[in-house]
Structures are given as structure tokens and as C-alpha cells.
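In our numbering, the protein residues as written are 71 to 631.
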């Protein structure tokens, strides 16, 4: 505890991606021209965005590095004179004053002003076994990297000058060791995996390991491990007749016309010929697969049924599907205040307490799609809590879902990637899906999404697994947001679900629900027609609106009356 005033190309590419895009501490907010309440709000926002620096994040020897705001003078203008207190933890969560051995360390750094709220942040540090040899620092490295076409750099040019590309990656690696806590997290995860470790996936790679470590430390730090001492179960086996599952069958069993698959397929084939974006679809009715097929080419190769696509905001539906298990278990109520679960939010005076419902219905006053990757996101938002415009309007964002993810981690002791795998994906045998955040990261295929859709269409069960009760499922459905926005509002939203009227399709009834995506992926369920419609793609592509309408029109036409 300290106090003071104030070898592979893939490895290189991964760390390049996390270090070369790091933004500097934002420009100072001009406060003098604003009113006092607004200047306080601006200061609070600036503190949310202020960076923390350790010198360095990756170090050698037993002396633990000191931390502070990256721009301490600017920070002092925001909060006044302050002192810094840092508590360090080893990989086993023991408080330490020195780094006895190489590996992971965690720093809880507190900036304590003379008056006002303490600013607390969490950072991963890594003690290297030895310093990086000078030869490695100057050694040339040939790296072939395919740059985004938008940069105007051809693959051939990058291949022909692989030495220069490698130089940049090496420089960025070295900068990351000094200046980026994510480099420390990556090295700590790789160090812990060892030479004999198995291949990782999204739920147990270096990033997931870092998140899991901080989930465990935060439980101990805040004392929530004593509030929630039992493992989170969530899932239960169904006694009696299993729920409907997605299966092969006849079009007659699906309640579709004899040529339904052929007619819908023809529209999709035409769509693929007139678009520059590959896609895949899965249409299910009465649990029976009507059409399951990929279309077009991606990156020069034919699209397949196991080619993962970016689901973007469909991720929110998946997050809600996990949260409703906590609701079903009685651990969370949708109108519970966030400070019931997040100690950082306590003892803060606000006009309207933030609730779980606010987080999921975009009425929380938060902004952007961010926060999941930050182990101290709760602390960051707590500092801005008095200025959130809660329950004033619906403003679409992913940060509310990120905070909901932190709440699930607090209760379960499982980092979000593990929660998704253990409590949603593995039970449904969704083997081609990965998701690492609560709002926008999911990559998946149509069949996996069809299973999730069928589970929701069943009211919370699939096969012999009970995820949550039909009564709990009803709480997810879109409704007019009178509870949070008042009796005059016309806004409608659910818990991770929206109505599907924006598709403007006769194939779906007014009761249909689901979620869309920035990538134009679609997951829609219609209880009236007992249908699940999935389309996965990475982007809208040419002629999307025209063929989206034709696609849904063909589905509507082929439903047997």
C-alpha cells in the first residue's frame, strides 16, 4: 500500500489493435463560461474520461509502480488538491507492498481530494520476469497485415513492405508495455496460461481471465462475496414434457405451403446477386426448420452456415435473457435500485434513483456503447450519478447494459463471458456463438440464434431446460414506458426486446418481438404465427431495404392459411 501527493504474428496484431487506438486524456472542458451546476456536471464528466497512468504498467523488480491521473494538474483543476493512495494485490488477492514474484498484480488507486468524493479506479499491472532485451527492441520483424480497405493500403503493398509494418507493431508493443494497462492484462493472462495451456475461447482467454480476476477481487473489496455467498444456478431441469426445440421436419409440420422453402430461397438468391454483403438465414415455424441456408461470399469465400456474423445490438437480447434468470430466482427485481447491488452507487444524493429497468429500457441517462471492458466502470459512473437524467427520455445506449452486466457479475461471481457461456450458450448447444460484452459484441450463426429465439418463444424453456418462467418472460416484453417516463409517454421498449413494427412487414404480427442491429442482423419471434426469423450479416449492403421487404413478403405469402 502506498500514499503520495497527487513470437507470434497474431500476438503482435492483437496487441497492436489494443494499443494503437488508445485515445489520450480528453481536452479540458471550458468551465468558466458555464453556470455553477453545469460546470459541476462538466467536471464530473471530465473525471469519467480522465486517464490513469502507472509508470509503467509492465515492470521488473519488486518495486510496485506508482499511479496517478495521466494529467495530474488538469485533475487538480477538477477536484482540487488531492493525495493518492494505492492498495496493491497479488494474483491470489492478498494485499502486498512489493511484487515478490513475476505475474499479475492489481492496483486499487484512490485519488482523495481535500473535499468531495474520492475517485477510485482499478488497474492491472504485470511484473515481467526480466527486462526486455535490447536486441528484441531493435530486432526487425516481418509482419503481413491486411489493413482495412478504407485506409487505402493494398494487401500487396503491405506484404512487400512487411518490415515497416513489423516495425510499427514492435514500437506499439513497447509503448503498450509502458503505457497501456491492457498490455499488462494480456501478458498476465498469457503468463498464467503457461506453455502447456489449451486453446482458449471468448470465455477464458486473457481478456476474460482479467475480467474474472477483477470480479473476484471486487467481491472481496466491497464485501459482496458475503452478501452473495452461494453459486448462481439459474437453470433448472423441467419435470414432465420437454419444451419445443428447433428440429428438422416437413413443411406441412411447419404449417407452410409445399413450395415455401423454394420460394423464399429464390428471393434470397436474388438478394445475394444484387448485394455486396453475404448473409445467412434460418426460418423456424412450430419448431420446424423451414429454411436454413447461407448466401453470397465473404472475404472471397462462400458464406457457410458456420460463418459467424456480427450481431451488434442483438447482444442486448442475449444479456436480458441471462438477467431474467436472476429475476426468476428472486435475486433481482426490475424496479430495484442499482445501489442495492453496486456499493459504489450508495450514499449519493440523486433526484431519481437508477433502477434495473432504467438500464434495460435506455432511460438511464447514459451514453454510448462502452464500459464492459472497464473493470472500474461502476466507479466511473458513480462519480457522474448525480448528473444522469434518469427517467427523462429514451436515449438508446449500451452503457446501461454494461452496468447491468456488472450487477450480474457482482451477484454470481462470474465474469460476463463465463455467464453467457454457462447460463445461455452451452445449455442451448450454441457452439458457434461468442459474446464478450452486454450490448454489441456478439458474433454468431443463424441456428444458434434460432435456438435462443425458440427458447423465448416458448416462454423461457427449451428442451428439458427451464431458463425462467413464463411469468418472468412476460416481464421482458415491450410495453409503453409509463413506469419510467410517465403516463403521457408513447415510447415502448422491453427488457432487451423491442417490437418489430420497424420492419414494416406483414409476415409479423403486432405481437412480434426481438431485436435489430447496426449490422442489419435480425432476430424476430412472433407468438401469433409461432415463428422465429433469423438473418445474420455483417452490414446492410446494397439494396437492403428492397430485398428485406421482399424477403418478409415471401415468408408471409408462404404461411399456410
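Glycine included, C-beta positions come from ideal geometry on N, C-alpha and C.
- Bounds of the beta strand (DSSP E) holding residue 155 are 152–160.
- Restricted to the segment 154–226, the alpha helix (DSSP H) segments that are unbroken, complete and at least 4 residues in length are 204–208, listed in chain order.
- Closest by C-alpha distance to residue 277, out of 331, 175 and 443, is 443.
- Pairing residue 630 with residue 319, the inter-Cα distance amounts to about 16 Å.
- Remark: C-beta atoms of residue 566 and residue 536 do not approach each other more closely than 8 Å.
- In the same chain as residue 180, and ignoring 5 residues on each side of it, the C-beta atoms closer than 6 Å to its own belong to 155, 188 and 190, in chain order.
- Annotation: the continuous alpha helix (DSSP H) that includes residue 394 extends over 384–398.
- By the Cβ neighbour-count rule, residue 433 is buried, with 16 or more other Cβ atoms within 10 Å of its own.
- Judged by their CB atoms, residue 513 and residue 378 are nearer to each other than the 8 Å cut-off.
- The straight-line gap separating the alpha-carbon atoms of residue 310 and residue 532 is approximately 13 Å.
- Per DSSP, the continuous alpha helix (DSSP H) segment holding residue 232 begins and ends at 232–249.
- A distance below 7 Å between beta-carbons, with the five flanking residues on each side excluded, links residue 161 to the following residues of its chain, in chain order: 173 and 174.
- With a 10 Å radius around the Cβ and a threshold of 16 neighbouring Cβ atoms, residue 341 comes out buried.
- Annotation for residue 313: 528, 531, 532 and 533 place their beta carbon closer than 7 Å to its own, counting only its chain and skipping 5 residues before and after.
- Closest option to residue 539, judged by alpha-carbon separation, among 395, 316, 260 and 194: 395.
- Around the beta carbon of residue 186, fewer than 16 other beta carbons lie within 10 angstroms, which makes this residue exposed.
- The three-state reading of DSSP puts residue 596 in strand, counting E and B together.
- In this model, residue 348 and residue 368 are separated by some 6 Å (Cα to Cα).
- The shortest CA-to-CA distance from residue 178 to any of 504, 253 and 167 is the one to 167.
- In this structure, residue 330 sits away from residue 356, with a CB-CB distance that is not shorter than 8 Å.
- The beta carbon of residue 365 sits closer than 8 Å to the beta carbons of 338, 339, 341, 342, 348, 349, 350, 351 and 373 from its chain, once the five residues preceding and following it are set aside; these are given in chain order.
- For residue 583, the uninterrupted beta strand (DSSP E) segment begins and ends at 583–585.
- Contact between residue 384 and residue 393 does not hold, since the beta-carbon distance rounds to 15 Å and is not under 8 Å.
- Nearest neighbour of residue 474 by Cα position, chosen from 575, 387 and 603, turns out to be 387.
- Listed as beta-bridge partners of residue 365 by DSSP are 349.
- For the set 232, 257 and 233, the Cα lying nearest the Cα of residue 244 is the one of 257.
- Runs of beta strand (DSSP E) with 3 or more residues, each lying fully within the segment 429–487, are absent.
- If you check the CB distance, residue 272 and residue 505 come in under 8 Å.
- At the C-beta level, residue 520 and residue 334 stay beyond 8 Å of one another.
- In the structure shown, residue 338 falls within a helical segment according to DSSP collapsed to helix, strand and coil.
- Per the C-alpha coordinates, the member of 111, 613, 301 and 461 positioned closest to residue 425 is 461.
- Less than 8 Å separates the beta-carbon of residue 287 from that of residue 163.
- Taken in chain order, the complete alpha helix (DSSP H) segments of 4 or more residues contained in the segment 500–584 are 516–527, 540–544 and 552–555.
- Ranked by how close their Cα comes to the Cα of residue 406, the residues 562, 477 and 207 have 477 in first place.
- For residue 629, the beta-bridge partners assigned by DSSP are 326.
- Taking a C-beta distance under 8 Å as the contact criterion, residue 193 and residue 485 do not qualify as a contact pair.
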